[in-house]
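Numbering (the working numbering) for the sequence shown: 90 to 406. Everything below concerns the one structure shown next.
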Amino acid sequence: MASLANCSASAVTLTEFSRLSYLADASGVSRKCASQLSGGGKIPLGSIIQPSATLRSVARGFLPRPLRPPVRRLWWTLANRRATYVGGLAVPSRELRAMMCGLPYADDAFFITSAMSLARTLVNAIEVTRQTRIVDVGCGVGRLAMGLLLQRREATYLGMDSHDRYIWWCRRYIQRKHPSFQFEHIDVENERYNPEGKTIGEDFRLPIPDGYADVVHFWGVLTNMAPKHMLIYVSEIGRILRKGGTAFLTAFVEEQVPTWSINPSDYVSYPCVGPLHVVRYQQSYLHSVFTSHSLSVKAYSYQTVDEKQSEFHLEKR
Ligand SMILES: C[S@@+](CC[C@H](N)C(=O)[O-])C[C@H]1O[C@@H](n2cnc3c(N)ncnc32)[C@H](O)[C@@H]1O
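Structure follows, in structure tokens:
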């Protein structure tokens, strides 16, 4: 098994990452967080404040159900009307980025550097051509897609996510301009990102044929997923990867810990906020799950991504 170099190049330091991370909550960056940042945070406050959850639920109560999706999309369009561009690509709003991965990603330079670094990790490990079939499970706001496009790499890319707003963004700002990058919303439950999504049962299948993918990207997803869903998704990775294909993923793993822990105390330097903020596994347990789905660990690097996430490259046998 090869060891990986530190690939998580970032524009802010790890200490800064930790300081900012605890302020982030996937349900939205609250006014409280914003005011905590006001003592010297680099992020303009106006750009990360979104309507409070209470305001949203009141608005939802007034609107008839059929009107909700178009009103929601109109709101998203207005919220993103001042998109900035890098290399011809729109950069997702700070609020969207912070919602997805935590406040460090609200910093433009941090986000763009991390997107480039993510793509570089992939391109350094395997040959990426127009024909390479990449499935990005839990693609968020299209960080990998952006990184690939900024490096002028086309691919046959499919991004999927349970959060409809991220997919709306990716379709509108990436797919329209780069049709070989496609995005699909999968409306499944995640207590943190999509609590009202459909239940994921044993019979759950990603909408992808067996052995389709050359690459499955699963970055920062196991870290915020219920352990029972991890078992189903790892099995799905094993199913959709072609023989010899590679899965790239991150996870919180340690040796002397319970099989799995949700929001363990005294682990990360920031307090866990909300459900599934940190899901950690015992390393040997996670390896056994990989092995049972014909996935062998080709390369591994301990705690090299963000704070304490370890990186795995798995090969389908
Ligand atoms: C921390 S973000 C990482 C996003 C992206 N992979 C990146 O590195 O920029 C985790 C993403 O996984 C998505 N997600 C969580 N559970 C999921 C599920 N069961 N199916 C699909 N997407 C899921 C969330 O909506 C969120 O966008």
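All C-beta atoms, glycine included, are put in the ideal place defined by N, C-alpha and C.
Is residue 301 closer than 8 Å to residue 326 when the C-beta atoms are compared? no
Nearest CA to the CA of residue 232: which residue from 364, 275, 349, 306? 306
For residue 384, does the three-state DSSP call read helix, strand or coil? In the displayed model, residue 384 falls within a strand according to three-state DSSP.
Ligand 2 and residue 258: does the residue's C-beta get closer than 7 Å to at least one heavy atom of that ligand? Ligand 2 is absent from the structure shown, which contains only ligand 1.
Cβ atoms of residue 275 and residue 246: under 8 Å apart, would you say? no
6 Å CB neighbourhood of residue 310 in its chain, flanking five on each side removed: 227
Identify whether residue 176 lies in helix, strand or coil by the three-state DSSP scheme. coil
Would the stretch 391 to 400 count as touching the stretch 339 to 347 if we require 3 or more Cβ pairs under 8 Å? yes
C-beta contact flag for residue 270 and residue 256 at 8 Å: no
Can you find the residues in the same chain that come closer than 6 Å, C-beta to C-beta, to residue 374, ignoring five residues on each side of it along the sequence? 348
Closer than 6 Å by C-beta to residue 365: which residues in its own chain qualify, once you throw out the five before and the five after it? Chain order, please. 280, 281, 313
Completely contained alpha helix (DSSP H) runs for the stretch 220 to 275, where each covers 4 or more residues: Every alpha helix (DSSP H) of 4 residues or more that sits fully in the stretch 220 to 275 is shown, in chain order, as 232 to 239, 253 to 259.
Report, in whole angstroms, the separation of the C-beta atoms of residue 148 and residue 262, which I expect to be a contact under 8 Å. About 25 Å; that fails the 8 Å criterion.
Rounded to the nearest angstrom, how far is the Cβ of residue 405 from that of residue 332, given a contact under 8 Å? 6 Å
Terminal residues of the continuous alpha helix (DSSP H) containing residue 327? 316 to 329
Considering just the uninterrupted stretch of the beta strand (DSSP E) at residue 403, what are its terminal residues? 398 to 405
Which term fits residue 198, buried or exposed, when burial requires 16 or more other beta carbons within 10 angstroms of its beta carbon? exposed
Residues in the same chain with beta-carbon distance under 8 Å from residue 204, minus the five sequence neighbours each way, listed in chain order, please. 232, 233, 235, 236, 239
Enclosing alpha helix (DSSP H) for residue 307 [first to last residue]: Counting along the chain, residue 307 falls outside any alpha helix (DSSP H), though it belongs to the beta strand (DSSP E) covering 302 to 307.
Where residue 288 and residue 315 are concerned, what is the direct C-alpha to C-alpha distance, given to the nearest angstrom? 12 Å
Quick one: grab the DSSP three-state call for residue 358. Under the three-state reduction of DSSP, residue 358 is assigned to coil, being neither helix nor strand.
What do you reckon, are the CB atoms on residue 335 and residue 304 nearer than 8 Å? yes
Does DSSP put residue 378 in a helix, a strand or coil? helix
When DSSP labels each residue in this structure, what does residue 389 get in the three-state scheme? The answer is strand: DSSP assigns residue 389 an E or B state.
Integer Cβ distance of residue 254 from residue 308, believed to fall under 8 Å: In fact, because the Cβ distance is near 19 Å, the residues do not count as touching under 8 Å.
Of the residues 388, 369, 372, 296, the one placed nearest residue 250, counting alpha carbons only: 296
DSSP has residue 209 in a bridge; who is on the other side? DSSP, once it has assigned bridges, lists no residue as partnering residue 209.
Can the beta-carbon of residue 244 be found less than 8 Å from the beta-carbon of residue 221? Annotated as proximal: residue 244 and residue 221, with beta-carbon spacing under 8 Å.
Alpha carbon to alpha carbon, what distance is there between residue 176 and residue 158? Rounded to the nearest angstrom, the two C-alpha atoms are 31 Å apart.
CA-to-CA distance, residue 264 to residue 185, given in whole angstroms: 18 Å
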